[in-house]
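Note sheet for the following structure.
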Amino acid sequence: MLPPLSLMLGPYCWLLDRPYVMGVVNVTPDSFSGGSKLPDFEQSLKKALTMIDDGADMIDIGGESSRPSALPVSNDEELQRVLPLVEALVARGVVVSVDTVKPAVMKAAIDAGAVMINDVQALQAPEALPVVARSQVAVCLMHMQGAPRTMQDAPVYGDVVVEVKAFLLARVNVLEAAGVARERIVLDPGFGFGKTVAHNLALMRGLPELAALGYPLLVGWSRKSTLGLLTGRAVDDRLAASVAAGLAAVARGASIVRVHDVRETVDALRVWRAMMA
Ligand code: HH2
1 MLPPLSLMLG
11 PYCWLLDRPY
21 VMGVVNVTPD
31 SFSGGSKLPD
41 FEQSLKKALT
51 MIDDGADMID
61 IGGESSRPSA
71 LPVSNDEELQ
81 RVLPLVEALV
91 ARGVVVSVDT
101 VKPAVMKAAI
111 DAGAVMINDV
121 QALQAPEALP
131 VVARSQVAVC
141 LMHMQGAPRT
151 MQDAPVYGDV
161 VVEVKAFLLA
171 RVNVLEAAGV
181 ARERIVLDPG
191 FGFGKTVAHN
201 LALMRGLPEL
211 AALGYPLLVG
221 WSRKSTLGLL
231 TGRAVDDRLA
241 ASVAAGLAAV
251 ARGASIVRVH
261 DVRETVDALR
271 VWRAMMA
């Protein structure tokens, strides 16, 4: 058994000796699993605090959907959506991550006390890397093939595990060369981002190989379309499928699960660990 990894997130240090749960709060009108109206501040705050009461270790706030049909959002609009919530949660001692690809949003979020940047583009936007490198926050580097608008059209890989691993390792090398300590880096294979069901399942089988790179793995299976294809369930009816996928990912080496349904995930992980550990 390898010793548990640790993760530095600004002033926090997590010993990853149990699975951690990241609760998703999207302040968007068009996220794939959300409603069709922009949630207001009070609704979002209540949702995040309920997740913390239910056992979430951190909250991931998103102000721009990454689904293929999502409308692009300006810097100002995204900041207006996420910053008040970041500030309110940080003031309450909550560990906050911000899901963004925009350097300006990253900078403002870090200044407001967010301790993780979750970037589905793995800090590839110009200026994203220096913003994060200058700080002490953690960063989640996710793999995506193509761009959100077209990524699901016809994704093609030779060997999806080899290619995702090579991409993540290349990004890690760029970050470490820029001075980002390895203890601040989290990797994510990006389930559903330019991947077919077969690709996603191959990546699940290959998860131990990604974990062997020695960085904590974060996985986002919650409510995703592969679960819909496996079960025949609509997006608002994928709770059991999401919980099962989260457990399977932890069994294969994931350290952090990114979920919409915190209470059920936390309960399932507690029982599973008590019985399987
Ligand atoms: N999935 C989504 C968004 N951000 N970040 C990471 N690291 N990993 C993921 O798998 C991931 C992510 C998509 O889910 P959601 O936030 O619910 O939807 P949307 O992007 O439509 O807001």
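In our numbering, the protein residues as written are 1 to 277. For glycine and all other residues, C-beta sits at the position ideal for the given N, C-alpha and C.
Problem - Pairwise C-alpha distance: residue 210 and residue 165 - result: 6 Å
Practice task
Return the bridge partner residues of residue 138 from the DSSP annotation.
Solution key: 116
Exercise for the section: Taking only beta-carbon positions, decide if residue 234 is within less than 7 Å of chain C. Expected result: Here there is only one protein chain, and chain C is not present.
Problem - residue 301 versus residue 112 - alpha carbon distance - result: In this structure the chain extends from 1 to 277, so residue 301 is not present and cannot be described.
Exercise for the section: Verify the contact flag: residue 67, CB atom, against every heavy atom of the ligand HH2, threshold strictly below 6 Å. Expected result: yes
Exercise for the section: Compute every distance between the C-beta of residue 281 and the non-hydrogen atoms of the ligand HH2, then say whether any falls below 6 Å. Expected result: The structure shown does not extend to residue 281, since the chain spans only 1 to 277, so no value can be given for it.
Exercise for the section: Could you give the DSSP three-state label for residue 76: helix, strand or coil? Expected result: helix
Practice task
Measure the Cβ-Cβ separation of residue 238 and residue 54 and say whether it is below 7 Å.
Solution key: Taking 7 Å as the cut-off, the Cβ atoms of residue 238 and residue 54 do not count as close.
Handout entry: Beta-carbon proximity list for residue 70, same chain, < 6 Å, skipping 5 on both sides
Key = Non-local C-beta neighbours of residue 70 in its own chain, meaning closer than 6 Å and more than five positions away in sequence, comprise 30, ordered along the chain.
Handout entry: Backbone CA spacing between residue 226 and residue 200 [nearest angstrom]
Key = Going by the C-alpha atoms only, they are around 8 Å apart.
Exercise for the section: Decide if residue 118 is buried, meaning its Cβ has at least 16 other Cβ atoms within 10 Å, or exposed. Expected result: buried
Exercise for the section: Pair every Cβ in the region 88-96 with every Cβ in the region 134-149, then say whether three or more of these pairs are closer than 8 Å. Expected result: no
Exercise for the section: Would you check if there are 3 or more beta carbon pairs closer than 8 Å linking the region 38-53 to the region 121-129? Expected result: no
Exercise for the section: Just the C-alpha distance for residue 91 and residue 84, rounded to the nearest angstrom, thanks. Expected result: 11 Å
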